[in-house]
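Asker: One structure is given below, represented as C-alpha cells, and several questions about it will come after.
Shown next as C-alpha cells:
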C-alpha cells in the first residue's frame, strides 16, 4: 500500500487479502452492458481531473462530492432492483484493504504530529544548516531517507504522511523547490513500498502469484535499484535547476535561531519504528512504539507539555471542571467554540478524516465495477487480443496493471483485484511466479503515488494542508497542488519504464522449469 503496510508476513495474507471474485457475491446488471458498471469510477476520475488539473483545486472534500455524485448517478443505470447496487457499495467499503490504509494514516499522523511538535523539523533544519546541505541536495537526500524509512516499516502511505509533515517544511525553509520535494517523498515511498518484505503490496503480489515473499524481494531488487539510481541523479539535477519559494529573510532567521539540535532526538523514535517493523511487528505496533518514545522524549526533554499532547477544554459548568482545573490536561474555557479536545494526538487523527471517507467511497465504486463486470470484461479482452506471445503478454501485464491502478486508487486493492488475471496471463506462457509478482507490484507501487486521485498523493496532500497551522512562516500558497507533482515522481515513472524495457528486451525474464506451453513454443 501501499500501500498501507501490513507489517508482518506472518499475519495470514492469504486470508486477509481475498480476491473479490465476481462469482462470490451478487452481480449488478446495468443498462448498456457490463461497461456501464465503470460509470461511477469514470465520473470520479473526470471530476478529479477537472477539479485538480483545470481548476487547480486540491480539496479532498470536493473529491468526496465527486465520487458521491458518481455513485448516485450510477444507480440510474442499474437494471432491476437497486438494492444489490447499494449492498455492493457497502461490500467494497468493508474490505480490509481500505481499513488498513486508514489505520496506517491515523497512526502515522499521530506519530508525525508528535515529532513536529517536539521540534524534529527544527532539528533537521539545524542539521542541514550545520552540515551545509543546501536546497539543491535536500530533495535527493529526502528521497533516499524516505526510501530507507519506507523499506523498514513497509507502509508507503504512512511514510508519506510522516515525511510530508517533517521533511517538507524543513526543505521549503531551506529553499528547496516544494513540488520537487513532494515528488521526492512520494518516490521514496514507492521504493520502499515496492521492496519492503512487510509491505501489503509485496505480500499480495507474492501470494497471488504463488511465490515466496523472500524470493520475490530478492528477485525484484535489480528493477527497483535501476530506477532509484536514475531517480537520485534526477533529483540532484532538478534540485540544482529548480528554485524554491521566496521565504522572508526575517522568517528564516527566526526559525533558524529557534532550531535546536535536541529535536534530532526523535531520530531514535523513527529508528524504533523501523526496528520494530523489521523485527516482524505489525505496523500498528511498530508505530505505537514510536509514539510512546516520542511522548517520552517530548516530556523528558521539555520539548512539549502533557497539555500539548492532549488537552480537554471543558466549560465552567461541567461537573468537576473547576476542582480539577489544575490538572495539566484540563482547561476551563468560557468560549463555547473552544470546547473540545485538542493536542498533538487529536491533530494527527483529524487531518485524515476526509481522506478516510474518500477512500471508502472509492473502494465501494471499484467494487461496483468488479461486480458489474466491466473489470472482468476489460481484462478478458486484453488477455485474448493482446497477449499473443511472451513479449506481448508481459507488456499486457504491465499495461493492465497500470490501467487498473489508475482506476482503483488504493494500490493494494487494485493488486488484489488484478492479481489472478496477471497469474492467468503469466501461467499461459510459463512465466515464473517471481517475474509475474514483480511486474504486478512494480506498476502497483508506482502508480499508487502519481495521479492526483491516488491514495499516496492524497495522503501526502492531506498532511500538507495541516502545515500552515504549525508554522507561522508557511502559508497556503506554499503548498503543492496534487496535479503539479505528477511529472516529478521520478521513481514511479522510471519503475514503469524499467518494466516496459524489461518486457521488450527480456531483461530478468524467468520461466518455470516445465516449459510445455503451446504458446511459449510460438515465440
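Numbering (the working numbering), first residue to last: 34 to 556. Backbone N, C-alpha and C fix where the C-beta goes; we use that ideal spot for every residue, glycine too. It should be emphasised that the depicted structure is a prediction, and the values quoted were computed from it without experimental measurement.
What are the partner residues of residue 344, as DSSP defines its beta bridges?
Answerer: 375
Asker: To the nearest angstrom, how far is it from the Cα of residue 533 to the Cα of residue 111?
Answerer: 38 angstroms
Asker: So residue 185 packs on residue 307, CB below 8 angstroms; how close in whole Å?
Answerer: 3 angstroms
Asker: With DSSP as the reference, label residue 380 as helix, strand or coil.
Answerer: helix
Asker: Do you know whose CA, among 122, 478, 155 and 475, lies nearest residue 287's CA?
Answerer: 155
Asker: If we require 4 or more residues per run, which alpha helix (DSSP H) segments fall completely within the segment 405-452?
Answerer: 407-418 and 423-440
Asker: Whole angstroms is fine: what's the gap from residue 554's alpha carbon to residue 422's?
Answerer: Because the pLDDT at residue 554 is just 38, under 50, the model does not fix this residue reliably, and the value given afterwards should be weighed accordingly. Residue 554 and residue 422: Cα-Cα distance of roughly 9 angstroms.
Asker: Alpha carbon to alpha carbon, what distance is there between residue 96 and residue 489?
Answerer: 15 angstroms
Asker: For residue 365, which beta-bridge partners are listed by DSSP?
Answerer: 347
Asker: Is there contact here, the segment 267-277 with the segment 493-501, by at least three beta-carbon pairs under 8 angstroms?
Answerer: no
Asker: With a cut-off of 8 angstroms, do at least 3 Cβ pairs link the segment 243-258 to the segment 132-152?
Answerer: no
Asker: Taking DSSP as the reference, what is the three-state secondary structure of residue 545?
Answerer: coil
Asker: Short of 8 angstroms in beta carbon distance, which residues of its chain neighbour residue 529, apart from the five on each side in sequence? Order them along the chain.
Answerer: 431, 435, 475, 476, 479 and 480
Asker: Helix, strand or coil for residue 332? Go by DSSP, reduced to three states.
Answerer: helix
Asker: Less than 6 angstroms between C-beta atoms, sequence neighbours within five positions excluded: which residues of the same chain meet that for residue 144?
Answerer: So the qualifying residues of the chain are 320, 323 and 324.
Asker: On the criterion of 16 or more Cβ atoms from any shown chain inside 10 Å, does residue 559 qualify as buried, or is it exposed?
Answerer: It is not possible to answer for residue 559, since the shown part of the chain is limited to 34 through 556.
Asker: Quick check on the burial criterion: 16 or more other C-beta atoms within 10 angstroms. Buried or exposed for residue 227?
Answerer: buried
Asker: Comparing alpha-carbon positions, which option in 205, 168, 224 and 151 lies nearest residue 176?
Answerer: Closest option to residue 176, Cα to Cα, is 224.
Asker: Should the segment 231-240 be regarded as contacting the segment 190-198, the criterion being three or more beta carbon pairs within less than 8 angstroms?
Answerer: Fewer than three Cβ pairs drawn from the segment 231-240 and the segment 190-198 lie within less than 8 angstroms of each other, which leaves the two stretches out of contact.
Asker: For residue 577 versus residue 305, is the C-beta distance shorter than 9 angstroms?
Answerer: Shown here, the chain extends from 34 to 556; a query on residue 577 therefore has no answer.
Asker: Give me whichever residues DSSP pairs with residue 111 in a beta bridge.
Answerer: 63
Asker: Is it buried or exposed, residue 486, if we count other Cβ atoms within 10 angstroms and call 16 or more buried?
Answerer: By the Cβ neighbour-count rule, residue 486 is buried, with 16 or more other Cβ atoms within 10 Å of its own.
Asker: Under three-state DSSP, which class holds residue 206?
Answerer: helix
Asker: Closest to residue 343 by CA distance: which of 218, 284 and 147 is it?
Answerer: 147
Asker: Per DSSP, residue 464 forms a beta bridge with which residues?
Answerer: 544
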